[in-house]
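In UniProt numbering, the protein residues as written are 1 to 336. Don't be surprised by glycine CBs; every beta carbon is placed ideally from N, CA and C.
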């Protein structure tokens, strides 16, 4: 029966347990809808929005949520959703709302000590989980491809244990359902490596230290502290150097490909690409006006530029252009 203590029983046969749980309230709940009826809630988002509505009938509102779908060996789909409220509130109002409006009974758990712990449980096996708008960025750094292959080989060697049924309620409990609910003793906490942090930078398009520190704070507020610990244990110069190296590696391939192209190819690509923001295609009329004011025809200027780019600089093949943006253009050409 110890296995059942991880879940807050809300069945009619467990009135004592139900009464005990009603006396407490939490701001983070893990909710499970076992054997979900797809006719009632076709998608994860449909279920999540109604759960959000069920908690929003009073002063308390839902700050954020994350919902996943899981398929079990006995067939059928289960929905798991974690919600965070603006303040502590009992779950009974939410349960009644879903029962009265949709005729479904869901199970509530307040065993997780913070939102991040419950979020990890919800997302452990569903890559297509959905989250509320403006949800904190809690995704882990992408793992190397070989990691997934190694895990797949290990999982094949595992002996599958039979599922067990609760005598107090009609809910199938599997060993893997409780993974993440029970704290693992004597397990050394894994720290982020520099490579994992670099992958976080790339995934979040983070290019300065302030953005990375803001992400660390955002995650720390939800109970995920590994990134904050990484930054605290390193000086800002070391993190800045790592960030510079990260983006140099990410941009190396594009720079190499650009360096292999001729100047004419680069010019043709620029001609086919979209205009800069705010240009709206006015660059051509502006260029023609500048040439007209300097007494040059479009055909003559185009021929001179094409000859210069194709053959390179030389006698009688030099063009002098002046303007506030010329320096930026030259610097971009030098940098490849």
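Could you tell me the alpha carbon to alpha carbon distance between residue i and residue j, rounded to whole angstroms?
i           : j           : result
residue 119 : residue 276 : 40 Å
residue 83  : residue 247 : 35 Å
residue 96  : residue 66  : 21 Å
residue 193 : residue 201 : 13 Å
residue 27  : residue 249 : 42 Å
residue 112 : residue 251 : 41 Å
residue 226 : residue 133 : 24 Å
residue 123 : residue 79  : 11 Å
residue 189 : residue 198 : 20 Å
residue 11  : residue 114 : Confidence in residue 11 is poor, its pLDDT being 39 and thus under 50, which makes the residue's placement unreliable; the coordinate value appears in the next sentence. Their Cα atoms are separated by approximately 25 Å.
residue 50  : residue 40  : 11 Å
residue 259 : residue 295 : 35 Å
residue 278 : residue 290 : 19 Å
residue 280 : residue 273 : 13 Å
residue 266 : residue 135 : 40 Å
residue 195 : residue 216 : 16 Å
residue 57  : residue 89  : 12 Å
residue 282 : residue 317 : 28 Å
residue 165 : residue 203 : Summary for residue 165: the model assigns pLDDT 42, below 50, so the residue's position carries little reliability, and this model does not support an answer.
residue 234 : residue 139 : 22 Å
residue 8   : residue 205 : Residue confidence is low: residue 8 scores 42 on pLDDT, short of 50, so the model does not pin down where it sits. No coordinate-derived value is stated.
residue 35  : residue 99  : 15 Å
residue 175 : residue 127 : Residue placement at residue 175 is poorly supported in this model, since its pLDDT is 41, which falls under 50; the coordinates are not used for a value here.
residue 323 : residue 244 : 31 Å
Do residue j and residue i come within 8 Å of each other at the CB atom, strictly closer than that value?
i           : j           : result
residue 106 : residue 33  : yes
residue 137 : residue 218 : yes
residue 30  : residue 102 : no
residue 109 : residue 223 : no
residue 263 : residue 321 : no
residue 86  : residue 60  : yes
Check for me: the beta strand (DSSP E) holding residue i runs from which residue to which?
i           : result
residue 71  : 62–71
residue 32  : 26–33
residue 107 : 107–109
Just checking my contact of residue i with residue j at CB under 8 Å: how many whole Å lie between their CB atoms?
i           : j           : result
residue 228 : residue 220 : 5 Å
residue 63  : residue 52  : Not a contact, Cβ separation roughly 10 Å.
residue 81  : residue 47  : 7 Å
residue 288 : residue 298 : 6 Å
residue 69  : residue 77  : 6 Å
residue 232 : residue 209 : Their Cβ separation, rounded to whole angstroms, is 13 Å, which puts residue 232 and residue 209 out of contact at 8 Å.
Looking at the secondary structure, which residues open and close the alpha helix (DSSP H) in which residue i lies?
i           : result
residue 86  : No alpha helix (DSSP H) holds residue 86; the beta strand (DSSP E) holding it covers 77–89.
residue 198 : 194–203
residue 272 : 263–272
residue 58  : Note, residue 58: premise wrong, no alpha helix (DSSP H); not H, not E.
residue 292 : 283–293
residue 252 : 236–259
residue 98  : 92–102
residue 298 : 298–311
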